[in-house]
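Novice:
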Amino acid sequence: MTSANVPLQAPGHDGDGLCGRRIVLGVSGSIAAYKALAIASEMAAAGALIDVVLTDAAAALVTPLAFQAIVHRPVVHRLGDPSGPMGMDHVAHAHTAEALVVAPATAHVIARLALGLADDALTTTALACRAPLVVAPAMEPDMWTHPATQAHVATLTARGAVFVGPDDGRMASGKHGQGRLADPAVVVDHVRAVLGHGGPLTGRKVVVSAGPTREPIDPVRYLSNHSSGRMGYAVARAVRDRGADVVLISGPVDLAPPAAMTVVAVETARDMLDAVLTHAATADAVVMSAAVADHRPIEAAAIKLKRSAADLALALTPNPDILIALGAEFPRWSEDKRGRPYVRVGFAAETHDLVAHARDKLARKSVDLIVANPVPETFGGRNSSATFVTPDAVAPLGERSKDGVASAIADWIAQRLADML
Ligand code: CTP
48 MTSANVPLQA
58 PGHDGDGLCG
68 RRIVLGVSGS
78 IAAYKALAIA
88 SEMAAAGALI
98 DVVLTDAAAA
108 LVTPLAFQAI
118 VHRPVVHRLG
128 DPSGPMGMDH
138 VAHAHTAEAL
148 VVAPATAHVI
158 ARLALGLADD
168 ALTTTALACR
178 APLVVAPAME
188 PDMWTHPATQ
198 AHVATLTARG
208 AVFVGPDDGR
218 MASGKHGQGR
228 LADPAVVVDH
238 VRAVLGHGGP
248 LTGRKVVVSA
258 GPTREPIDPV
268 RYLSNHSSGR
278 MGYAVARAVR
288 DRGADVVLIS
298 GPVDLAPPAA
308 MTVVAVETAR
318 DMLDAVLTHA
328 ATADAVVMSA
338 AVADHRPIEA
348 AAIKLKRSAA
358 DLALALTPNP
368 DILIALGAEF
378 PRWSEDKRGR
388 PYVRVGFAAE
398 THDLVAHARD
408 KLARKSVDLI
418 VANPVPETFG
428 GRNSSATFVT
438 PDAVAPLGER
448 SKDGVASAIA
458 DWIAQRLADM
468 L
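Under the working numbering, think of the first position of the sequence shown as 48, with each following residue one higher.
1) Go ahead and pull the three-state DSSP assignment for residue 56.
2) On the DSSP letters alone, give me the boundaries of the beta strand (DSSP E) that residue 393 sits inside.
3) Can you name, in chain order, every residue of its own chain whose Cβ lies under 7 Å from the Cβ of residue 438, other than the five neighbours on each side?
4) Would you please state the rounded distance, in angstroms, between the beta carbons of residue 143 and residue 69? I believe it to be under 8 Å.
5) Spell out whether any CB of chain D is found under 8 Å from the CB atom of residue 331.
6) Hey, out of 246, 372, 75, whose CA is closest to residue 65's CA?
7) Taking just the CA atoms, how far does residue 109 sit from residue 101?
8) Taking only runs that begin and end inside the region 276–323, name each unbroken alpha helix (DSSP H) of 4 or more residues, in chain order.
9) Give me the Cα-Cα distance between residue 282 and residue 290, rounded to the nearest whole angstrom.
10) Please confirm whether any heavy atom of the ligand CTP lies closer than 7 Å to the CB of residue 369.
11) Mind listing, in chain order, the continuous alpha helix (DSSP H) runs of no fewer than 4 residues lying wholly within the region 214–269?
12) Applying the criterion that 16 or more other CB atoms from any shown protein chain within 10 Å of the CB defines a buried residue, is residue 220 buried or exposed?
13) Excluding the 5 residues flanking residue 193 on each side, which residues of the same chain have their C-beta closer than 8 Å to its C-beta?
14) Report all residues from its chain with a CB closer than 6 Å to the CB of residue 179; omit the five preceding and five following residues, and keep chain order.
15) Mapping the DSSP letters down to three states, classify residue 431 as helix, strand or coil.
16) Hey, could you find the ends of the beta strand (DSSP E) residue 364 is sitting in?
17) Residue range of the beta strand (DSSP E) that residue 73 falls in?
18) Please tell me whether, using a cut-off of 7 Å, the distance from the CB of residue 358 to the nearest non-hydrogen atom of the ligand CTP is below it.
19) When you compare only the Cα positions, how much space is there between residue 198 and residue 186?
20) From 75, 71, 81, 122, pick the residue whose C-alpha is nearest to that of residue 230; which is it?
21) Whose C-alpha, out of 284, 259, 203, 254, is nearest the C-alpha of residue 451?
22) Could you check the C-alpha separation between residue 49 and residue 359 for me, to the nearest Å?
23) Could you round the C-beta distance between residue 215 and residue 224 to whole angstroms and report it? I think they count as a contact, below 8 Å.
24) How long is the line joining the alpha carbons of residue 314 and residue 430, rounded to whole angstroms?
25) So for residue 26, helix, strand or coil by DSSP?
26) DSSP state of residue 454, grouped into three classes?
27) In the DSSP assignment, the beta strand (DSSP E) including residue 103 goes from what residue to what residue?
So this is what it looks like as structure tokens:
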């Protein structure tokens, strides 16, 4: 921590939970094996150290050299090859792995993992490995739904394995059904979540709001704003990656739901208020990053408003302020040591007098931290130059990506909870 309580960050990877982590990527012989290159590439770009272990069938589909070019490390294909990366130490990678990811996992590999067979480099590594297992199946839909496969999936799930997919869609055979490998980004998102287990927010519940709200004018029109939801989604992932149980309360956005968290979809400010109050009652921390519409039409028309040549005045009424309502409903920790949620974080987007407005919101909205952003610079961009404003400090974070700001917020919450309780 710096003197102003802003968490320091390793440069380059925005506090990404994959940075510097050792992952074994096991690839088996589905035609989707080529997508494992994208999984390896995404994890390598995040700074992970990846040991790839291929089955014979996988190596017949995608060459070890292709993986090696991406992960910049020797690739394991055969056991007992004295010139190979493991030499005679056939379980070397099992002992250094922090997660074992099998993607794609064929029906055959899933069966062997469930039965504890160890007849090639991948299954031998898996049997010797005690790190969390993430399995992304890919196979013909009839193989996936077969009771034998489902029994093996149940066995592995009971042992703690995390299954990602398979997805519904068109198979390489031309058939449609459930059997496609999950999207590489989704597989990697699950790996990040698994790596977060045991992190500084383990056992904590964090509620995060994100995106805009929509306030209906009539059945086909609404008032809203341009919030993309990216900041809130990044915060939800960052606290998840530090071990928190996350409830993400999201207005309508064009983003995929993050892995391994509860996502509550809402439309209006009043829906969001209900959801936040319900989940905040048992939360350790709440982060309100949603851009709540300040006003709504006094009454939404029941039928579509028809075009007319005359001017149309829309009568608006203020929406409830969710942070103020939270403060009224739940006493703060400083007033009552049982006062959940213990930590409350708000945002402020300001065109001028950033710190003065942030300080005003800090007091008025009864929050512990305001993340103040200058607008319009921050809108829609990947980066932001946020400032942390607390009752006793003002700490500019400098220019960071939204993921980098989210990591700093997650670290701040973890530190604050650790200091409090
Ligand atoms: N917020 C809220 N409920 C609302 C509006 C905003 O909880 N009805 C929260 C936001 O999620 C954010 C913080 O309050 O964390 C500040 O949002 P902002 O829109 O900057 O605040 P306003 O009170 O609307 O202030 P302004 O006068 O600057 O619009």
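C-beta: ideal position from N, C-alpha, C; glycine also.
Specialist: A quick look at the data gives this:
1) Interpretation of residue 56 is limited by its pLDDT of 47, a score under 50 that renders its predicted location unreliable; no figure is taken from the coordinates.
2) 390–397
3) 409
4) 5 Å
5) Absence of chain D from the displayed structure is noted, only one protein chain being present.
6) Closest option to residue 65, Cα to Cα, is 246.
7) 9 Å
8) 277–287
9) Taking the straight line joining both Cα atoms gives about 13 Å.
10) yes
11) 231–243
12) exposed
13) 154
14) 146, 241
15) Residue 431: strand per DSSP, three-state reduction.
16) Start and end: 363–365.
17) 69–74
18) No, the ligand CTP has no heavy atom inside 7 Å of this Cβ.
19) 16 Å
20) Nearest to residue 230 by alpha-carbon distance, out of 75, 71, 81, 122, is 81.
21) 284
22) Because residue 49 sits at a pLDDT of 39, beneath the cut-off of 50, its placement in the model cannot be relied upon, and the following sentence gives the value as read from the coordinates. Near 54 Å, if we compare the C-alpha coordinates of residue 359 and residue 49.
23) 7 Å
24) 27 Å
25) Residue 26 falls outside the range modelled here, since the chain spans only 48 to 468, and no answer is possible.
26) Helix, per DSSP.
27) Segment 103–108 is the alpha helix (DSSP H) holding residue 103; no beta strand (DSSP E) there.
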